[in-house]
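Data block below; observations after.
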Amino acid sequence: MNFLAVIEIRNLQKSFNGKPVLRGVDLDIQKGESQIIIGRSGCGKSVLLKHIIGLIKPEAGQIFIDGEEVTASATRDLYRMRRKFGMLFQGAALFDSMTVEENVALGVREHRMFDEAEINRRVVEKLELVGLPNTQHLKPAELSGGMKKRVGLARALMMDPEFVLYDEPTTGLDPITSDAINDLIIECNKQLGVTSIVVTHDMTSAYKVGNRFAMLHDGQVIFTGTTDEVRNTNHAVVRQFIEGRADGPLQIY
Amino acid sequence: MEIDDTNPRLRERIARPISAVGRMVITSIEQTGAIFILLGKILRSSFHLWRNRRLVLDQMLLIGVHSLPLVSIIAVFTGAVSAWQAAYQFEGLVPLDYLGAGTSTAIFIELGPVLTGIILAGRVGSSIAAELGTMKVTEQIDALESLAIDPVHYLALPRFFAATMMTPVLTIFADFVAVMGAFIVSNILIGQAAHVFFDSVQSSFELRSLLGGLTKALVFGATIAVVGCFVGFRTSGGAEGVGRATIQAFVLSAGLILIHDYILATIIF
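Chains as they are written, first to last, in this note's numbering: chain A, 1 to 253; chain B, 1001 to 1269.
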């Protein structure tokens, strides 16, 4: 066991409708790191992310957060542990019946963490951090894709999480907006000192925000390393993926 | 005749329908269990009601007040048609003086609660399933959980409580409107004096019929909400899945309302 790791994933297995998606994932994530998880669409990256905050229960294997096992926790402990996390969902997953302000403030309001004045102050602060000041009254339907993701990020940061999970933060955005989101992720890591886990298949974004890489393939982690290690690797599958070539050991299906 | 039981195609042909029936039985038992588990979770989280009172009031407005126009229209015609049909069946057998008694008792015991239940299954049950189903497929329910908010406390409990409270309230309203519908027919089309009709209603009135009907309504309301939430939380497969969930919620809750109606009728009356 690596005692420096704050998130330890051991032999995680999960299948859907009899089709195995994760076949024994092992991964350690260190404190303060920006861990990138790359892999092809449908390889189980998002599923892995959802296991980390206990949204999905595995068939076998364990996940430890700060030494506490998520996978064996009672519902109550699980909800307590989730407060350490913020998650940015692929489609932002904003509550469309609520305004931006209500979306961002929902968590702290429900948990009665602060009084209204403090909540308002924090909403303003987080919206400024993501570059969307004075948007409190807007509804999600009035926002563009990139703006939704920023609001989603502001919401994820409201409870001052130790860990922020990003599920394909740049997918579906234009390159300029993507880069702005990348800058935001870096900014959060620096300013707030959080540990980030970013699931992506966008290599430009991955190189920019990440300092540790893991590649998920066939339900297992087939490669881990630093940015330099991933750039210079001889691993055929990883090379094909990071270079984005159609020919190679990975088949098109 | 001898059957060749080594023939794999024949064996397959016999086995397939049997295993299909088996699967159906297993699925329905599993679903029934899951519905009761959800109901248990909702009831256990009742102490969150006061905290979520604003959500409960919102849902009461949506489920109760906004259903009034539809419930009124259906109730007035139900009352009217039952008076007309009763008058037709009474002819030569029962004096028309009993028209008020016959229709109002049927309305209090059966027509009011069951029709209100079915209307709400269509209007409220399927809308709960569609709303929660959409939230599920767009990851909004996952987002709630990632904020450490339990969707059962936040989404299911207010809907359950509001539907369970408002169905009996709407039923009382529907009972009244339906009796008035019956009165309009008896007065205008059949030509019965108002006092004859209402004397008859009053003479046959039993508190037990009304309360029995309202007890049914309470159970129907709970059924509609639990089924709506259950189906919504289990939705998968994008827009198509949401469409399927909407239909499933209606069919399941309407079916369960009729089954519960029978069971409660045998217990109460």
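Quick reminder that beta carbons are idealized off the backbone N, C-alpha and C, glycines included. Since the structure is predicted, the reported quantities are computational estimates derived from the model, not experimental observations.
By the Cβ-count criterion, residue 121 of chain A is exposed, with fewer than 16 other Cβ atoms from all chains shown falling within 10 Å of its own Cβ. At a cut-off of 8 angstroms between beta carbons, residue 173 of chain A makes no contact with chain B. DSSP places residue 186 of chain A in the uninterrupted alpha helix (DSSP H) bounded by 175-192. Annotated as proximal: residue 94 of chain A and residue 140 of chain A, with beta-carbon spacing under 8 angstroms. Look at residue 1060 of chain B here: in three-state DSSP terms it is helix. For residue 215 of chain A, there is no enclosing alpha helix (DSSP H); the enclosing beta strand (DSSP E) has its first and last residue at 212-217.
Counting along the chain, residue 128 of chain A sits inside the alpha helix (DSSP H) bounded by residues 116-129. Proximity of residue 1059 of chain B to chain A, defined by a Cβ-Cβ separation below 8 angstroms, is not satisfied.
In the structure shown, residue 1186 of chain B adopts helical secondary structure according to DSSP, grouped into three states. Residue 1171 of chain B is a Cβ neighbour of residue 1213 of chain B, given a cutoff of 8 angstroms. Annotated three-state conformation of residue 84 of chain A is coil, per DSSP. If you draw a straight line from the Cα of residue 1251 of chain B to the Cα of residue 1139 of chain B, it is about 26 angstroms long. By a beta-carbon distance limit of 8 angstroms, residue 1198 of chain B contacts residue 1100 of chain B. Their separation comes to about 6 angstroms.
Under DSSP, residue 36 of chain A shares a beta bridge with A:198, A:213. Residue state for residue 17 of chain A is assigned as coil, using DSSP reduced to three classes. Counting the other CB atoms within 10 Å of its CB gives residue 167 of chain A a total of 16 or more, which places it among the buried residues. With a threshold of 8 angstroms between beta carbons, residue 1146 of chain B makes contact with chain A.
Think of a sphere of 8 angstroms around the beta carbon of residue 1239 of chain B: no beta carbon from chain A falls inside it, the nearest being about 13 angstroms out. Following the DSSP letters along the chain, one finds residue 1144 of chain B in no beta strand (DSSP E) but inside the alpha helix (DSSP H) bounded by residues 1140-1146. Scanning B:1132, B:1163, B:1091, B:1269 for the CA closest to the CA of residue 1239 of chain B turns up B:1132. Close CB contacts of residue 154 of chain A within its chain, under the 6 angstroms cut and outside five residues either way in sequence, are with 104, 126, 127, 130 (chain order). Residue contact check for residue 203 of chain A against chain B: no CB pair falls below 8 angstroms. Using a CB distance below 9 angstroms, the part of the segment 1123-1147 of chain B facing chain A consists of 1131, 1134, 1135, 1138, 1139, 1140, 1141, 1142, 1143, 1144, 1145, 1146, 1147, ordered along the chain. Below the 9 angstroms Cβ cutoff, chain A contributes 75, 79 as neighbours of residue 1150 of chain B, in chain order. Two segments are said to touch when three or more pairs of C-beta atoms, one from each, lie closer than 8 angstroms; by this definition the segment 210-217 of chain A touches the segment 33-44 of chain A. By the criterion of a C-beta distance shorter than 6 angstroms, residue 82 of chain A is surrounded in its chain by 53, once the five residues flanking it on both sides are discounted. Interface annotation for the segment 51-73 of chain A against chain B: 53, 55, criterion Cβ-Cβ distance under 7 angstroms. Distance from the Cα of residue 1121 of chain B is smallest, within the candidate group B:1102, B:1263, B:1112, B:1256, for B:1256. Between residue 146 of chain A and residue 173 of chain A the beta-carbon gap is near 5 angstroms, inside 8 angstroms, which marks them as a contact.
Going by C-alpha positions, residue 1236 of chain B is about 27 angstroms away from residue 80 of chain A.
Under the 10 Å beta carbon count, residue 247 of chain A is surrounded by fewer than 16 other beta carbons and is classified as exposed.
Shown here, residue 112 of chain A sits in coil according to DSSP, grouped into three states, outside any helix or strand. For the options A:7, A:25, A:8, the alpha carbon positioned closest to that of residue 221 of chain A is the one of A:25. Look at residue 83 of chain A: its C-beta is under 8 angstroms from a C-beta on chain B.
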